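K.L.:
Protein chains in written order, with this note's numbering: chain A, 1 to 99; chain B, 1001 to 1300.
Just so it is clear, CB atoms sit at the ideal spot from N, CA and C, and this is done for glycine as well.
Predicted model, so just to flag it, every value in this text is computed and none were measured.
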Amino acid sequence: MVLEVTAKDHNNGKVLYQERRTYFEIGLDLDGYMRYGAWQIKEIIDLTLQPLETRHERFFITFPKEVSTVDLEVNVYYYISSKKGNLIYQEKRLLNYED
Amino acid sequence: MRFKFLVFSIFLFFLFVSFAFASTEEGKLEFPSGPIDDFETFVKVFDSKRCAECHEDIYDEWSKSYHSRSMVSSIKGIANFFTVGVPKEWEKELNKQEIIKCLDCHLPQIKFATERLAKEIADYMIKAKIGKGKEKEKAIEQLKRINLSCYGCHNIKIAGTAPGITGKIESGVIYTAGEGESDAHETEHTPILKRSFFCVQCHGVYIAPDGESTYCNTLSGSYVHSYIGQGGRKTCQECHMYRKNRGHRMPGGHDLEIVKEGIEFQAEIRAFRYGIGKWIPAVNVEAFLTNKAGHRIPDG
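1) Using the C-alpha atoms, what's the distance from H56(A) back to R1233(B)?
2) Could you work out which residue in T22(A), R20(A), Y23(A) and W39(A) is closest to D29(A) when comparing CA atoms only?
3) For M1250(B), is the classification buried or exposed, using 16 other Cβ atoms within 10 angstroms of its Cβ as the cut-off for buried?
4) Hey, would you say V1259(B) sits closer than 8 Å to Y78(A), going by beta carbons?
5) What residues in the region 1040-1053 of chain B have a beta carbon less than 7 Å from any beta carbon of chain A?
6) Going by Cα to Cα distance, which pick from E1030(B), K1157(B), H1055(B) and C1054(B) is closest to K1044(B)?
7) Cβ of G37(A) within 8 Å of Cβ of F1081(B)?
8) For V1017(B), which residues from the same chain have a beta carbon less than 6 Å from its beta carbon, with the 5 sequence-adjacent residues on both sides left out?
9) Are three or more beta carbon pairs between the region 1200-1214 of chain B and the region 1101-1108 of chain B nearer than 8 Å?
10) Evaluate G1178(B) with the Cβ neighbour count: other Cβ atoms within 10 Å of its Cβ, from every protein chain shown; 16 or more gives buried, anything less gives exposed.
11) Which residue's Cα is closest to the Cα of D1047(B): C1153(B), A1128(B) and I1100(B)?
12) Leaving out five residues on either side along the sequence, give the residues of the same chain with a beta carbon under 6 Å from the beta carbon of Q1142(B).
13) In angstroms with no decimal places, state the Cα-to-Cα distance between I1269(B) and E1286(B).
14) Once DSSP output is grouped into helix, strand and coil, what is the label at Y79(A)?
15) Below 8 Å on the Cβ atoms is my guess for T1122(B) versus I1100(B); work out the distance and round it to an integer in Å.
16) Between K1157(B) and P1108(B), what straight-line distance do the alpha-carbon atoms span, to the nearest angstrom?
17) Assuming I1130(B) contacts A1052(B) under a Cβ cut-off of 8 Å, what Cβ separation, rounded to an integer in Å, is found between them?
18) Is E1025(B) close to chain A, meaning its C-beta is less than 8 Å from at least one C-beta of that chain?
19) R1296(B) versus chain A: which residues are under 8 Å apart at the beta carbon?
20) Note down the Cα distance separating H10(A) from L94(A), rounded to an integer number of angstroms.
21) Whose C-alpha, out of N1217(B), S1196(B), S1222(B) and V1200(B), is nearest the C-alpha of Q1237(B)?
22) Can you find a CB in chain E that lies within less than 8 Å of the CB of S1213(B)?
23) Given A1022(B), which residues of its chain have a CB within under 7 Å of its CB, disregarding the five upstream and five downstream residues?
24) Using the C-alpha atoms, what's the distance from R1246(B) back to D1060(B)?
25) Might you give, ordered along the chain, the residues of its own chain that have their beta carbon closer than 6 Å to the beta carbon of H1189(B), omitting 5 neighbours on each side?
26) Does the distance from the C-beta atom of I1036(B) to that of A1113(B) stay below 8 Å?
27) Under 8 Å between the Cβ atoms of A1128(B) and I1110(B)?
28) Would you give the residue range spanned by the alpha helix (DSSP H) that N1080(B) belongs to?
29) Mind listing the chain B neighbours of T62(A)? Cutoff is C-beta to C-beta under 8 Å, in chain order.
30) Give me the residue from A1282(B), I1297(B) and A1162(B) with the minimum Cα distance to Y97(A).
31) Give the range of the alpha helix (DSSP H) segment to which F1198(B) is assigned.
32) How far does the alpha helix (DSSP H) with K1260(B) in it reach, from first residue to last?
33) In chain A, which residues lie less than 9 Å from L1256(B) when you measure between Cβ atoms?
34) From what residue to what residue does the alpha helix (DSSP H) around A1122(B) run?
35) Which residues bound the alpha helix (DSSP H) around G1152(B)?
36) Residues in the same chain with beta-carbon distance under 7 Å from F1014(B), minus the five sequence neighbours each way, listed in chain order, please.
Dropping the structure here:
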């Protein structure tokens, strides 16, 4: 699962900021190497969202002085497989810095 | 001579099949208690369609579940184990003892397959991944016909978690969470089917009889130690079966509706100007993700 914050200049679409927080398990073999095979994995590094947990992610973003309007998107993707991310939540906002 | 032998073999085959399916003198369904060597017989004997005559609604639900696709949906992972894990990394022969490390959950009736049939099924799995053309297509078609069937949960896996309590599982008896009776089969009320404890045997780290561990997923550890430990009290069945009448469809991580139910999202966004005197555009985003499921997200 991925939480992604993207800010684009509203006037030209240029990406001004993008950051991702990823929630997943990393499987390790006994020598500490990352593995995908279920038979190889003997330990995990747990970077998932724990049951009943609320994860609070904080972003402080600054933009170039000349930017007047920004399209901001906060997206949550759930990956059913490692290739296909499904957008499950989205919050969009137009930020206006014009005087 | 050869012709006579062929006719006799066909006669024996149909005789066996008729015993395997057919009802007993009292009209009850029968299931095997001994080994099966023939793929077609294996498919037919454990086919969930046999249950559909009386349990059509449940069969329809199950048909939409990943349990009904437990083999064909896992080709990559299982075939990798059969082609890389066992022969190359462990340097072992791919025999039933190794095959069952995947299929004990993906195809519990493998217990009734002979060594030869287990290898034939493993071969379909391998060809479905690395085969070409018609050979690959045929292997996939064969894998679509075998799955975690009704009998898998309602008989074979009943003794999987607490054999000391459940005792010997009788072939042909259908173990159910309900208390009804049936003319078609012997029925035994088994409350274990309502408990998370039952699901844990496959939806967690699998420990094979020889001690080998397989990390297919880690749901159950998370459920027991994190969810229950923090005060969660729902069972697997409450969310994945009883809620919204999901029944035997048992949706999970492949179903975005239940995924969204398990995750709550909130974002607070505040644009402002940062700096004193030389103000620049800025924004503060506070995002909150809450895991409302009874296990870690994601898992597996």
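P.N.:
The relevant details are as follows:
1) When rounded, the distance between both Cα atoms is 24 Å.
2) Considering only alpha carbons, the answer is W39(A).
3) buried
4) A contact, by the Cβ cut-off of 8 Å.
5) none
6) For K1044(B), the closest of E1030(B), K1157(B), H1055(B) and C1054(B) by C-alpha to C-alpha distance is E1030(B).
7) yes
8) With a pLDDT of 43 at V1017(B), under the threshold of 50, the modelled position of this residue cannot be trusted; read the value that follows with caution. The residues are T1041.
9) yes
10) exposed
11) Looking at the Cα atoms, C1153(B) is the closest of the given residues.
12) Y1124
13) Rounded to the nearest angstrom, the two C-alpha atoms are 6 Å apart.
14) strand
15) The sequence as given places Ala at residue 1122(B); Thr does not occur at that position. The Cβ separation is near 10 Å, so there is no contact.
16) Roughly 7 Å separates the two Cα atoms.
17) That belief does not hold up - the Cβ atoms of I1130(B) and A1052(B) are roughly 34 Å apart, past 8 Å.
18) With a pLDDT of 43 at E1025(B), under the threshold of 50, the predicted position of this residue should be treated as unreliable, and no value is reported.
19) E25, D46, T48, L49, Q50 and P51
20) 8 Å
21) S1196(B)
22) This model lacks chain E altogether; the protein chains it does include are A and B.
23) Only weak support is given to the placement of A1022(B): the predicted model assigns it a pLDDT of 43, under 50, and the value that follows is read from those uncertain coordinates. For A1022(B), where only same-chain residues beyond five positions count, the Cβ hits under 7 Å are E1030.
24) 11 Å
25) E1179
26) Yes.
27) Against a cut-off of 8 Å, the Cβ pair of I1110(B) and A1128(B) comes out as no contact.
28) I1075 to N1080
29) Y1274, I1280, P1281 and A1282
30) With distances taken between CA atoms, Y97(A) lies nearest to A1282(B) out of A1282(B), I1297(B) and A1162(B).
31) S1196 to V1200
32) It spans L1256 to G1262 - the alpha helix (DSSP H) in which K1260(B) sits, taken as one unbroken run.
33) Y78, I80, N86 and I88
34) First-last of the alpha helix (DSSP H) with A1122(B): E1115 to I1130.
35) C1150 to H1154
36) Only weak support is given to the placement of F1014(B): the predicted model assigns it a pLDDT of 44, under 50, and the value that follows is read from those uncertain coordinates. Around F1014(B): no qualifying Cβ.
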